[in-house]
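Have a look at the structure below before the remarks.
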Amino acid sequence: MSTTTSATSTQSIYGIGSGLSTATSSSSSSSSTVASSLNANDYMTLFLTQLQNQDPTNPMQSYELASQLAQFTTVQQLQQATTQLGNIQQYSASVNNAQMATLVGKEVVAQMNTINVSSGTPSQLNYTLPNAATVTVTIQDANGNTVNTINVGSQNAGTYSVPWTGNDSSGNTVSDGTYTCTVTATGSSGTSTTVQPYIQGQVYSCNLNSSPPTYVLSGPNGIQVPVSNVYGITGTN
């Protein structure tokens with residue numbers, strides 16, 4: 126595809142006032158790219174070059190000179206601000222990483238609705254009922270297909286483990302992999318609510334390279350939990 130170019134004065138790219146010679150540039154998109162890559166030294170060199178090559182019969186006015194110097198100062202300040210913001214970002218990241226590392230070896234509680242099945246054995250999830258309710262647990266595979274629905278029945282307020290043994294609705298052991306668990310509680314009024322399951326375990330390590338960062342629970346091959354899902358610390362083993 127051909128690229129359309131146009132003759133654009135130096136004024137339109139760098140904000141130069143009247144009395145300066147013009148030059149041919151590429152399209153506005155290319156001009157923006159070039160301009161954004163210039164640093165303060167480049168602008169100063171350009172400014173001095175323009176002064177040397179201005180039309181002697183129509184030199185730059187004092188207000189135009191002041192405007193150019195103000196632009197140069199602005200560019201310099203923006204560069205300094207960008208550098209400082211980068212330093213602050215690096216500092217914040219190092220502080221966050223250090224805080225993450227302090228939880229290694231501790232028992233944590235985190236929101237989690239996935240169950241990992243390994244060698245036919247599912248990982249454990251818990252849930253807490255604030256009030257007595259009739260509970261149903263639905264297990265789905267990675268494709269969203271329901272593999273089992275467990276009618277737990279009536280339970281009093283309290284904390285329970287998800288009663289799934291890793292079987293499908295026909296009683297066959299499911300394939301290893303990740304499954305999604307949904308806990309539904311129906312109260313005496315007939316209103317159904319979804320209860321957030323959670324996982325509890327010891328932090329084995331933290332993975333700072335993942336996005337978002339995660340904790341690995343209960344061993345090197347344990348479940349990875351996003352750091353933002355952790356909402357409680359129960360103790361240190």
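Counting in our numbering, the final residue of the sequence shown is number 362, and the numbers go up one at a time with none missing. C-beta: ideal position from N, C-alpha, C; glycine also.
THR309 to PRO351 span [Cα, whole Å]: Counting from one through the sequence shown, the residue named residue 309 turns up at place 184. Counting from one through the sequence shown, the residue named residue 351 turns up at place 226. C-alpha separation (whole angstroms): 23 Å.
Give me the Cα-Cα distance between ALA282 and PRO337, rounded to the nearest whole angstrom. By 1-based counting over the sequence shown, the position of residue 282 is 157. By 1-based counting over the sequence shown, the position of residue 337 is 212. The alpha-carbon of ALA282 is positioned some 34 Å away from that of PRO337.
Just list the residues that DSSP pairs ALA258 with in beta bridges. As a position in the sequence shown, residue 258 is number 133, starting the count at 1. ALA258 pairs with GLN280.
Shortest alpha-carbon distance to ASP167 belongs to which of SER353, PRO181, THR198? In the sequence shown, residue 167 corresponds to position 42, counting from 1. Answer by Cα proximity: THR198.
Can you say whether PRO288 is buried or exposed, counting buried as having 16 or more other CB atoms within 10 angstroms of its CB? Taking the first residue of the sequence shown as position 1, residue 288 is located at position 163. Looking at its Cβ environment, which holds fewer than 16 other Cβ atoms inside 10 Å, PRO288 is exposed.
GLN301 vs VAL272 beta-carbon contact at 7 Å: Walking along the sequence shown from the start, residue 301 turns up at place 176. Walking along the sequence shown from the start, residue 272 turns up at place 147. Inspection of the sequence shows that residue 301 is occupied by Asp rather than by Gln. No, they are not a contact pair.
Helix, strand or coil for LEU342 per DSSP? Here residue 342 corresponds to residue number 217 of the sequence shown, with the count starting at 1. Here LEU342 sits in strand by DSSP.
Contact set for ALA258: own chain, Cβ-Cβ below 7 Å, skip 5 residues either direction: Counting from one through the sequence shown, the residue named residue 258 turns up at place 133. The answer, listed in chain order, is GLN280, ALA310, THR311, GLY312.
Excluding the 5 residues preceding and the 5 following ASN354 in the sequence, name in chain order all residues of the same chain whose CB lies nearer than 8 Å to its CB. Translated into the one-based positions of the sequence shown, residue 354 becomes position 229. ALA235, GLN236, MET237.
Provide the residue span of the beta strand (DSSP E) that contains PRO351, from first to last. The count along the sequence shown starts at 1 and reaches residue 351 at position 226. Unbroken beta strand (DSSP E) run through PRO351: 349-351.
Return no unless some Cβ of chain C is closer than 7 Å to the Cβ of TYR252. No chain C is present in this structure, which holds just one protein chain.
Classification of GLY291 by the beta-carbon crowding that lies within 10 angstroms, buried from 16 upward: One-based indexing of the sequence shown puts residue 291 at position 166. The residue in question, GLY291, is buried, as its Cβ has 16 or more Cβ neighbours within 10 Å.
Beta strand (DSSP E) runs contained entirely in the segment 309-335, provided each spans 3 or more residues: The DSSP assignment places 317-320, 323-332 as complete runs of the beta strand (DSSP E) inside the segment 309-335, in order along the chain (cut-off: 3 residues).
To the nearest angstrom, how far is the alpha carbon of TYR356 from that of MET169? If you number the sequence shown from 1, residue 356 lands on position 231. If you number the sequence shown from 1, residue 169 lands on position 44. Rounded to whole angstroms, the separation of the alpha carbons of MET169 and TYR356 is 53 Å.
Alpha carbon to alpha carbon, how far is LEU203 from SER90? Give it in angstroms, no decimals. Not covered by the structure: residue 90. The range shown for the chain is 126 to 362.
For the beta strand (DSSP E) that VAL234 lies in, which residues bound it at each end? Looking up residue 234 in the sequence shown gives position 109. The continuous beta strand (DSSP E) containing VAL234 extends over residues 231-236.
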